[in-house]
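Asker: Chains H and C, in that order, give the protein sequences. Counting from 1, position 24 in the first sequence corresponds to residue 24 in the numbering used here; the numbering is continuous, with no gaps. Counting from 1, position 279 in the second sequence corresponds to residue 823 in the numbering used here; the numbering is continuous, with no gaps. Glycine is no exception: its CB is placed at the ideal position from the N, C-alpha and C atoms. Before anything else, here's the structure in question.
Number of protein chains: 2
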Amino acid sequence: MSRKYRDGLKKVPANYQPLTPIHLLSRSALVHPERIAIVHGDRRITYKDFYANARRLASALTNHGIKPEDTVSIMAPNIPEFLDAHFGVPMTGAVLNSLNTRLDAKALAFILDHAETDVLLTDTAYSKVIKEALSISSRSPLIIDIDDLLSSGGELLGRLEYKEFLAGGDPEFVWEHPIDEWQAIALNYTSGTTGDPKGVVYSHRGAYLNSLGNQLSWVLGEHPVYLWTLPMFHCNGWCFPWTITATSGTHVCLREVAVNAISAAIINESVTHFCGAPIVLNMILNAEASVLAKLPRGIKAYTAGAPPPSAIIKGMEALGFDITHSYGLTEVYGPCVVSQWKDEWNDRPEDERAALKARQGVRYITQEALDVLDPETMQPVPSDGKTIGEIMFQGNTTMEGYLKNPETTEAAFADGWFHSGDLAVKHPDGYLEIRDRAKDIIISGGENISSVEVEGALYQNPVVLEAAVVAKPHEKWGESPCAFVKLKPEKTATEKEIIDHCRNQLASFKAPKSVVFGELPKTSTGKIQKFVLRERVRNLIVGS
Amino acid sequence: MSRKYRDGLKKVPANYQPLTPIHLLSRSALVHPERIAIVHGDRRITYKDFYANARRLASALTNHGIKPEDTVSIMAPNIPEFLDAHFGVPMTGAVLNSLNTRLDAKALAFILDHAETDVLLTDTAYSKVIKEALSISSRSPLIIDIDDLLSSGGELLGRLEYKEFLAGGDPEFVWEHPIDEWQAIALNYTSGTTGDPKGVVYSHRGAYLNSLGNQLSWVLGEHPVYLWTLPMFHCNGWCFPWTITATSGTHVCLREVAVNAISAAIINESVTHFCGAPIVLNMILNAEASVLAKLPRGIKAYTAGAPPPSAIIKGMEALGFDITHSYGLTEVYGPCVVSQWKDEWNDRPEDERAALKARQGVRYITQEALDVLDPETMQPVPSDGKTIGEIMFQGNTTMEGYLKNPETTEAAFADGWFHSGDLAVKHPDGYLEIRDRAKDIIISGGENISSVEVEGALYQNPVVLEAAVVAKPHEKWGESPCAFVKLKPEKTATEKEIIDHCRNQLASFKAPKSVVFGELPKTSTGKIQKFVLRERVRNLIVGS
């Protein structure tokens, strides 16, 4: 074979640079130095200053001995310092480890130890739990307290406050490119439902590509005004710290995700876009009419996470929100699948539109392969909208693996695909629809019942605020669906009314056999904790 | 150093796939199978069929022995088969070599020999020059004639016609990913003004990234209807065969770039976007009023190439076109610099807006570095809008190098940067503005005169249709500017009137000392051939 396309055509600095999202900030600072990059209460930070702050952070960290492949952990709500960290930490070559702010001290200590944290940035609001975590952990990281003006207090744990720390940094610090685009940029622990949390490692390459993927899939254009309703600690805020910066948009920070704060920010800052788990949409949907009446129409919301029942999508669109539904997992950098809308669906009846949009959809341009495979044979399931298989991914926005966990990494990547653990069907048009997490499927009399499908039926009932369905052991059928339901304020329902409602919507074997009313336990990202419900079911049985 | 971020975090098929634009077509075929991908006269080709045709082509080429790193050359206008080739050829691992349709037989033979062409796809309209080229060349490629229904005739040169060839291919051909994203995807010969053409090699990685870069920089959104006014042979149509496919848009083909054909296509196909060298804009600008009156407003045009005088931008915008000005070279995959518009400029006076837009601008998100450096010291010039340096690039959308030309490649990449040969200033806001090609600068009495600046002044004169300025040897000053001018139909002007006009616009030493009226020689991409004008100047002097 001729070697003409190889000889003398080498990678050199002029034609090959490691992909990294850091470039997205340096570009916005060059092109739009005076545009507002970050809003936080009364603070307004331009792109020029955002870039300078990130460089100051990188410089100060470097001065304190931080070097490539060290770990910088952060415990903070959605504040400007968290955005600084998304650029300043990688500028040093170190890895950003975002801590879930709802974890308890023991889980946090596990993460600090496992991540081998060298520096900990910590917002004073979390000083109590962090202090306890540090007392359990064997690490003694450099502690930098973030004393945010909008915080409700707390204690300084270290000798350095963030503003002082930054003041010691050089705003013109010459940051280093990653040596290799495969270098780690972030470490995110999954809030696993069983066992120790697993540390998902992202690369500069993947973070860059998914940042562009978000921009293309949501057709963001230039200068969106983006409200931070999604936790930045969750898959690096689905990569949106990098995505919004790429668009030279405005990050509107938000310490607490509550309806009044969201509504005030939307109105005061002319917000155009936000992301959130379905639980955030549901919170807005169930806000008081007086709050909803003030919100402008046409705000774009991107949702992913737990499959959102089509009733939530329909409700939000009726309020004038423009919903884009996507899907992903921590292991694939947040969303990398999108329920891409087709113009020809605009004329369909409202219910059908909501049902189409509730499907998970198709791969991002920046994820190379997505399919539903039979995990036994690794063959694709037929595109019949019925046969259930496991969602699997191949491509550049799949994690590098789990930190210090080669066995689990290898298992997750068996047979050349990342196994998501989510069960789905493939429709004749190629769009995926989740039926369940592998462990959430209910097998009753040999028939599979999708808990997601039953939950969808429950949400169609106007008295239901939140619902979750899990398997309950059943003598005759093996398992039967048990529904947990939180009613809307001042609404009432009996177990029989709920079951009858489901029987009207579903094949009757799929209807719940029992209903439990009350609050539902949730993770910090708003997912209902089904493992807690399963324990309750076990206790119900033991108790009965 | 801890190796925790290295050990057990390897590249495997689940988390690493070579970047390639081929995926852009497979995705559009999956998501929008029934959308119209290509329009050509009365033909309408859906995405499903476009993908099937590309796979048929790949399959048929493979059946004929084509293997990775072979060369497939194509001589064609902007027709569907050329789009097929942009995907079908790389699917085999081979390299697409697009031939400039305006080259003569000798130049074409040089390219076929140098590229070591294995297959030649050739539109019958070019059978005469190709036949002659083949008689000169030492290669005997497999010839596939494209007998387009809209072609004006010509001869079949081989034994296979494209449609038959395709019929022998498998529409479900399982294409191979490139082994490595650094693998070559395209080979484009620069229409060099001196010496033999140089073969610029593009990689799958660069082509993928610049395809997304176009999409982001022009904010294309979904489903643009794109008119093919730019030759596909020119830097792979600036990567737009891949870009428009990524957006699931519609490619509207066009065999001839003429005002009536453009206007008919815009109206009949509801075109929303097109690209073109300034010469194409100028052609539209000078069309008959009756033609212009029929065109809708708001059509988006992307222009790059020769610096477009602000007068052309102003004129096009006055007609209702929305112009985005970009800049690039064959060596950087076409455009990778864009004169990114800022909202705050909307209120500026018309002339100032046009002048701002006429600047070349800032780097794409997908090109990592762009600067104006002093080529002697390799230091950046000050951002003063005055000091001239050379435009240089670093990043992933710079070519791999020149084929079989390691010395020239090394020289182009000296000191870690790609040297563009274009001279520019950097304005205080960081935007670049071209002053000249290195060889086009005029040095008069020790002062640099930008031929581009003098041409800009000439275009401000309402009688001038086209203008170019080159250096003329001058006894006293060393060099002086000599203007070549083509007047608009039925307009007249004297040499003195033209010189006086320039003296009113420029420092008087910059005004041309002589003016030559008549047709201007152009390259196939509409660039005025200054080297021809320089020869004329030499002849004028010899003759005088």
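(1) For SER514 (chain H), which three-state DSSP category applies?
(2) Check LYS522 (chain H) in the structure and name its three-state DSSP category.
(3) Give the interface partners of LYS548 (chain C) over in chain H, defined as CB-CB distance under 7 Å, in chain order.
(4) In chain order, what residues of the segment 369 to 399 of chain H put their CB closer than 9 Å to some CB of chain C?
(5) Compare the C-alpha of ILE788 (chain C) against each of C:ILE810, C:ALA837, C:TRP762, C:GLY859 and name the closest.
(6) Taking Cβ-Cβ distances shorter than 7 Å, what residues in chain C pair up with THR409 (chain H)?
(7) Are the CB atoms of LYS1057 (chain C) and HIS1026 (chain C) within a distance shorter than 8 Å?
(8) Identify the contact partners of LYS766 (chain C) in chain H, using a Cβ-Cβ distance below 8 Å as the criterion.
(9) Is GLU884 (chain C) helix, strand or coil by DSSP?
(10) Hey, ASP148 (chain H) and ILE36 (chain H) are a contact pair by Cβ (cut 8 Å); roughly how many whole angstroms apart?
(11) Can you tell me whether DSSP reads LEU947 (chain C) as helix, strand or coil?
(12) State the DSSP-derived secondary structure class of ALA598 (chain C), mapped to helix, strand or coil.
(13) Residues of chain C with a CB under 8 Å from the CB of ILE365 (chain H): which are they?
(14) Would you grab the beta carbon distance between LYS901 (chain C) and HIS869 (chain C) for me? Rounded to a whole angstrom, and I think it's under 8 Å.
(15) Using three-state DSSP, classify GLU991 (chain C) as helix, strand or coil.
(16) Taking the CB atoms as reference points, tell me whether ARG44 (chain H) and LEU150 (chain H) lie closer together than 8 Å.
(17) Which same chain residues, not among the five before or five after THR737 (chain C), have their C-beta less than 6 Å away from its C-beta?
(18) Just to confirm my understanding: we take GLU181 (chain H), look at its own chain, exclude 5 residues before and 5 after, and list those with CB closer than 8 Å. What are they?
(19) Alpha helix (DSSP H) containing ARG437 (chain H): first to last residue?
(20) Taking LYS11 (chain H) as the query, report the chain C residues whose CB atoms sit under 9 Å from its CB, ordered along the chain.
(21) Quick one: residues in its chain with C-beta nearer than 7 Å to the C-beta of THR190 (chain H), no 5 flanking neighbours on either side, listed in chain order?
(22) Quick one: does LEU976 (chain C) have its CB under 8 Å from some CB of chain H?
(23) Count the C-beta pairs between the segment 425 to 434 of chain H and the segment 483 to 495 of chain H that are closer than 8 Å, then say yes if the count reaches three, no if not.
(24) Could you give the distance in angstroms between the alpha-carbon of HIS23 (chain H) and the alpha-carbon of LYS439 (chain H)?
(25) Applying a beta-carbon distance threshold of less than 8 Å, which residues of chain C neighbour GLN215 (chain H)?
(26) Taking any Cβ of chain H, which residues in the segment 956 to 974 of chain C have a Cβ under 7 Å from it, in chain order?
(27) Would you say TYR746 (chain C) faces chain H, with C-beta separation under 8 Å as the test?
(28) Please state whether the Cβ-Cβ distance between THR124 (chain H) and LEU103 (chain H) is less than 8 Å.
(29) Would ALA805 (chain C) and ILE690 (chain C) be called neighbours here (beta carbons separated by less than 8 Å)?
(30) Look at the alpha carbon of ILE856 (chain C) and the alpha carbon of ARG297 (chain H), and state the distance between them as a whole number of angstroms.
(31) Exposed or buried, what is LYS930 (chain C) when buried is set at 16 or more other beta-carbons lying within 10 Å of its beta-carbon?
(32) With a cut-off of 8 Å on the beta carbons, I'd call SER444 (chain H) and GLY389 (chain H) a contact; round off their distance for me.
(33) What is the residue span of the beta strand (DSSP E) that PRO621 (chain C) lies within?
(34) Give a yes or no on whether the minimum CB-CB distance between ASN346 (chain H) and chain C is below 8 Å.
(35) With C-beta atoms as the reference, is ALA649 (chain C) less than 8 Å away from ALA604 (chain C)?
(36) Which residues bound the beta strand (DSSP E) around VAL464 (chain H)?
Answerer: In short:
(1) Walking along the first sequence from the start, residue 514 (chain H) turns up at place 514. DSSP places SER514 (chain H) in strand when its eight states are reduced to three.
(2) Taking the first residue of the first sequence as position 1, residue 522 (chain H) is located at position 522. Looking at LYS522 (chain H) - three-state DSSP - the assignment turns out to be strand.
(3) Position 4 of the second sequence, counting from 1, holds the residue named residue 548 (chain C). Result: GLU116, LEU403, LYS404.
(4) Sequence-ordered contacts of the segment 369 to 399 of chain H with chain C read ALA369, MET392, PHE393, GLN394, GLY395, ASN396, THR397, THR398, MET399 [C-beta pairs closer than 9 Å].
(5) Mapped onto the second sequence, residue 788 (chain C) falls at position 244. Closest by C-alpha distance to ILE788 (chain C), out of C:ILE810, C:ALA837, C:TRP762, C:GLY859, is C:TRP762.
(6) Translated into positions along the first sequence, residue 409 (chain H) becomes position 409. Near THR409 (chain H) (Cβ distances below 7 Å), the residues of chain C are GLY552.
(7) On the second sequence, position 482 is the one that residue 1026 (chain C) refers to. On the second sequence, position 513 is the one that residue 1057 (chain C) refers to. Checking the sequence, you will find Cys at residue 1026 (chain C) rather than His. Against a cut-off of 8 Å, the Cβ pair of LYS1057 (chain C) and CYS1026 (chain C) comes out as a contact.
(8) Working through the second sequence from its first residue, we reach residue 766 (chain C) at position 222. It is worth fixing the name first, because residue 766 (chain C) is Glu in this sequence and not Lys. Neighbours of GLU766 (chain C) on chain H, chain order: VAL219.
(9) Residue numbering aside, residue 884 (chain C) sits at position 340 when the second sequence is read from its first letter. Note that residue 884 (chain C) is Gln in the sequence shown here, rather than Glu. Here GLN884 (chain C) sits in coil by DSSP.
(10) Looking up residue 148 (chain H) in the first sequence gives position 148. Looking up residue 36 (chain H) in the first sequence gives position 36. Not really, about 18 Å apart at Cβ, beyond 8 Å.
(11) Mapped onto the second sequence, residue 947 (chain C) falls at position 403. Looking at LEU947 (chain C) - three-state DSSP - the assignment turns out to be coil, as it is neither helix nor strand.
(12) The residue you call residue 598 (chain C) lines up with position 54 of the second sequence. The three-state reading of DSSP puts ALA598 (chain C) in helix, counting H, G and I together.
(13) By one-based count along the first sequence, residue 365 (chain H) stands at place 365. HIS567, LEU568, ARG571, LEU756, ALA790, listed in chain order.
(14) Working through the second sequence from its first residue, we reach residue 901 (chain C) at position 357. Working through the second sequence from its first residue, we reach residue 869 (chain C) at position 325. About 5 Å separates the two Cβ atoms, so the contact holds.
(15) Counting from one through the second sequence, the residue named residue 991 (chain C) turns up at place 447. DSSP, reduced to helix, strand and coil, places GLU991 (chain C) within a strand of the structure shown.
(16) Here the question's residue 44 (chain H) lines up with position 44 in the first sequence. Here the question's residue 150 (chain H) lines up with position 150 in the first sequence. In this structure, LEU150 (chain H) does not lie closer than 8 Å to ARG44 (chain H) by Cβ.
(17) As a position in the second sequence, residue 737 (chain C) is number 193, starting the count at 1. Note that THR737 (chain C) scores a pLDDT of 46, beneath 50, so its modelled location is shaky; the value from the coordinates is reported in the next line. Excluding residues within five positions, the ones whose Cβ falls inside 6 Å are PHE1075.
(18) Working through the first sequence from its first residue, we reach residue 181 (chain H) at position 181. Within the same chain, GLU181 (chain H) has close Cβ partners PRO18, LEU19, THR20, SER203, HIS204, ARG205, TYR208.
(19) As a working mapping, residue 437 (chain H) is identified with position 437 in the first sequence. Unbroken run through ARG437 (chain H) is the beta strand (DSSP E), 432 to 437; no alpha helix (DSSP H).
(20) The sequence position of residue 11 (chain H) within the first sequence is 11, counting from 1. Near LYS11 (chain H) (Cβ distances below 9 Å), the residues of chain C are TRP726, GLU944.
(21) Taking the first residue of the first sequence as position 1, residue 190 (chain H) is located at position 190. Non-local C-beta neighbours of THR190 (chain H) in its own chain, meaning closer than 7 Å and more than five positions away in sequence, comprise PRO197, LYS198, VAL200, THR330, ordered along the chain.
(22) As a first step, residue 976 (chain C) is located in the second sequence; it is residue number 432 there, counting from the start. False, the Cβ-Cβ gap to chain H never drops below 8 Å.
(23) no
(24) Residue numbering aside, residue 23 (chain H) sits at position 23 when the first sequence is read from its first letter. Residue numbering aside, residue 439 (chain H) sits at position 439 when the first sequence is read from its first letter. Roughly 41 Å between the two C-alpha positions.
(25) Here residue 215 (chain H) refers to the residue found at position 215 when the first sequence is read from its first residue. Scanning chain C for C-beta atoms nearer than 8 Å to the C-beta of GLN215 (chain H) yields LEU760, reported in chain order.
(26) PHE957, GLY960, TRP961, PHE962, GLY974
(27) Along the second sequence, one-based indexing puts residue 746 (chain C) at 202. So, not an interface residue.
(28) One-based indexing of the first sequence puts residue 124 (chain H) at position 124. One-based indexing of the first sequence puts residue 103 (chain H) at position 103. No, they are not a contact pair.
(29) On the second sequence, residue 805 (chain C) is found 261 positions in, with the first residue counted as 1. On the second sequence, residue 690 (chain C) is found 146 positions in, with the first residue counted as 1. No.
(30) Start at 1 with the first residue of the second sequence, and residue 856 (chain C) comes out as number 312. Start at 1 with the first residue of the first sequence, and residue 297 (chain H) comes out as number 297. ILE856 (chain C) and ARG297 (chain H): Cα-Cα distance of roughly 40 Å.
(31) Position 386 of the second sequence, counted from the first residue, corresponds to residue 930 (chain C). When all chains shown are included, LYS930 (chain C) counts as exposed.
(32) Position 444 of the first sequence holds residue 444 (chain H). Position 389 of the first sequence holds residue 389 (chain H). SER444 (chain H) to GLY389 (chain H), Cβ: 20 Å. No contact.
(33) Counting from 1 along the second sequence, the entry for residue 621 (chain C) is found at position 77. Per DSSP, PRO621 (chain C) lies in no beta strand (DSSP E) segment and is marked neither H nor E.
(34) Counting from one through the first sequence, the residue named residue 346 (chain H) turns up at place 346. Chain C, which has no Cβ nearer than 8 Å to the Cβ of ASN346 (chain H), makes this no.
(35) Stepping through the second sequence from its first residue, residue 649 (chain C) is reached at position 105. Stepping through the second sequence from its first residue, residue 604 (chain C) is reached at position 60. Not a contact, by the Cβ cut-off of 8 Å.
(36) To locate residue 464 (chain H), count along the first sequence from 1; it is residue 464. That run of the beta strand (DSSP E) goes 464 to 474.
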